[in-house]
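The sequence shown begins at 165 in my numbering and counts up by one.
The C-beta atom is built at its ideal place from N, Cα and C for all residues, glycine as well.
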Amino acid sequence: MDTFQPAFSSWLNAPAHQQWLAAEGLRLLAFAKASKLPDGFGNLDEQGRLPDDARAETMNTARMTHSFAMAHIQGLPGFSELVDHGVQALSGPLRDAEHGGWFATAQPHENDTGKAAYLHAFVALAASSAVVAQRPGAQALLDEAVRVIDAHFWSEEEGALRESFNRDWSDEEAYRGANSNMHATEAFLALADATDEPRWLVRALRIVERVIHGHAAANDYLVVEHFDRHWQPLREYNHDNPADGFRPYGTTPGHGFEWARLLLHLEAARVQIGMLTPGWLAQDAQKLFDQNCRHGWEVDGAPGLVYTLDWDNRAVVRHRLHWVHAEAAAAASALLKRTDEAQYEAWYRRFWEFCDKHFIDRCNGSWHHELDPQNRPSADIWPGKPDLYHAWQAVLIPRLPLAPSMATALAKLSSPTPV
């Protein structure tokens, strides 16, 4: 970790806390191994079992491949074969061999063959981590992911990703999404390190300029999620389906925290290689964090962060989701390292205390993915325990510098010579 010497006692400097994070990571990884299917990785239920109808999905396969690659890079035995399995699945059954790009699932139904930017960002992230892990087939997968992003998703005119297409790329969705562009920013940070090409940091900054420094800043630093193809906000999008798992109505505090962290990673990555870096990246990160704490935490009178807010900052979907709190803790640690301010230490501890009390399942393993408004385990939005990625990154990020990106940072820590 970067030299971090605050004027107060910090958990980030406490050996016992570092050990606790590492132990929690091992527990999460052990649970996730059971998600392996012949064509990739599937969604585990509450007890860590694959349902009889489990299907390999590109999102989960890419996230698992990325996560297992980071475990392998750290020197944890038992994960190299899982990384290789993920690379093979993404190179084979999950990929469209005829038109290029990736389906959402292996052997998709005829009406479910579209190509989504969100999924392709995760494929690029998985491939970059597998390349850093030096796994067979990873470079070819990365080259193909870059080719598809360049050819279809990246819009140089817009400085952002287009959202989705049909199978043969002939029909584009008349929608632009902050969520897919957020994960593209994450992937581009990793691509910059894996390819040694600064153009990915240029693209990441352009996305951030539009989505955060433009639209979110104009909305009191609460992220506007949905837009038409001309980047005009769609404020009533999914009003009748407010709890959608990927495109919910209103604003999403969890994404505000995730963006805040990504802005700090982008700032650090650009500074590290001597690129011109705007001062507003850190300022916007702080404002995003502060506003989403202010409006998301205990907004309905109970502890925890709600899933969504309306345009008057009232809670809409009051469920507490595990990924929201994982991102909040990760963002607090990033801001703490960046600013040395005690307020972020307080939030960091508050978020982990909440996760420890309510989300971490020491009986059946992993984390409960969702709590109801009374902070009891529920399954209204996210049944089961399919996600390793958010919680695993939350226990890694406090132990790593802000740059380089996670897999590369882990490789540097594991290597006696520069990587």
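Determine the closest residue to residue i out of the options, with distance taken between C-alpha atoms.
i: H554; options: A543, D544, F523, P565; result: F523
i: C527; options: E517, F515, P541, Q396; result: P541
i: A288; options: D307, N330, L428; result: D307
i: S578; options: F172, A194, L240; result: L240
i: A575; options: H533, A194, N405, A354; result: A354
i: T488; options: Q436, D217, Q557; result: According to the sequence provided, residue 488 is Val. The question's Thr does not apply to it. Nearest option by C-alpha distance: Q557.
i: E320; options: L564, R370, N345; result: R370
i: V247; options: R340, H377, D203, Q271; result: D203
i: V428; options: V372, H483, A380; result: The residue asked about is misnamed: residue 428 is Leu in this sequence, not Val. Ranking V372, H483, A380 by Cα distance to L428 puts V372 first.
i: I561; options: Y512, H419, H316; result: Y512
i: N330; options: V296, T349, P272, N383; result: P272
i: I437; options: P170, P568, T229; result: P568
i: L535; options: P565, W516, R482, E509; result: R482
i: A198; options: G378, M228, P565; result: M228
i: R563; options: L500, Q538, Q507, E517; result: L500
i: G235; options: R259, P215, E188; result: According to the sequence provided, residue 235 is Ala. The question's Gly does not apply to it. Per the Cα distances, E188.
i: S173; options: A510, N539, V559; result: A510
i: A261; options: F352, A309, A226; result: A309
i: Y385; options: A351, E400, W444; result: W444
i: I313; options: L201, H284, V480; result: H284
i: A233; options: H263, S292, R191; result: S292
i: D525; options: A338, N345, D332, R191; result: R191
i: R502; options: M439, W546, A186, A432; result: A432
Determine whether the beta carbon atoms of residue i and residue j lie at a separation below 8 Å.
i: D520; j: A407; result: no
i: L365; j: R434; result: yes
i: L452; j: W423; result: yes
i: F195; j: G529; result: yes
i: Q455; j: G420; result: yes
i: S497; j: L193; result: no
i: L473; j: W461; result: no
i: E221; j: T269; result: yes
i: R374; j: A324; result: yes
i: L305; j: A368; result: no
i: R425; j: A494; result: yes
i: G212; j: S255; result: no
i: V609; j: A381; result: A question about residue 609 goes unanswered here, because the residues of the chain that appear run from 165 up to 583.
i: Y282; j: N343; result: yes
Please classify residue i: does DSSP put it in a helix, a strand, or coil?
i: W516; result: helix
i: M165; result: Legend: pLDDT at M165 = 43, less than 50; position of this residue unreliable, value from coordinates given subsequently. If DSSP states are grouped into helix, strand and coil, M165 belongs with coil.
i: L566; result: coil
i: W511; result: helix
i: P397; result: strand
i: R370; result: helix
i: P541; result: strand
i: K549; result: coil
i: R586; result: Since the first and last residues shown for the chain are 165 and 583, residue 586 lies out of range.
i: H390; result: strand
i: A218; result: coil
i: W444; result: helix
i: A297; result: coil
i: S174; result: coil
i: F329; result: strand
i: G378; result: helix
i: E584; result: Nothing about residue 584 can be reported from this structure: the residues present for the chain run from 165 to 583 only.
Quick one: does residue i have its CB under 8 Å from some CB of chain D?
i: L185; result: No chain D is part of this structure, which consists of one protein chain only.
Is it right to say residue i is buried, meaning 16 or more other beta carbons lie within 10 angstroms of its own, or is it exposed?
i: E361; result: exposed
i: H403; result: exposed
i: E327; result: buried
i: F410; result: exposed
i: S334; result: exposed
i: D217; result: exposed
i: P417; result: buried
i: H533; result: buried
i: N224; result: buried
i: G242; result: exposed
i: Q252; result: buried
i: D464; result: exposed
i: P215; result: exposed
i: M570; result: buried
i: R311; result: exposed
Between residue i and the ligand PLP, is the CB less than 7 Å from at least one heavy atom?
i: I437; result: The ligand PLP is not part of this structure, which contains no ligands at all.
Provide the residue span of the alpha helix (DSSP H) that contains residue i, from first to last.
i: G420; result: 417-436
i: Y553; result: 553-560
i: Q211; result: Run containing Q211: none; DSSP gives neither H nor E here.
i: G265; result: Segment: none, G265 is in no alpha helix (DSSP H) and carries neither H nor E.
i: L231; result: The identity of residue 231 in the sequence shown is Ser, whereas the question assumes Leu. Unbroken alpha helix (DSSP H) run through S231: 222-237.
i: E491; result: 486-503
i: E308; result: 302-312
i: W531; result: Careful: W531 lies outside any alpha helix (DSSP H) and carries neither H nor E.
i: F195; result: 179-196
i: A254; result: Per the sequence shown, residue 254 should be read as Leu rather than Ala. From DSSP, the alpha helix (DSSP H) with L254 extends over 244-255.
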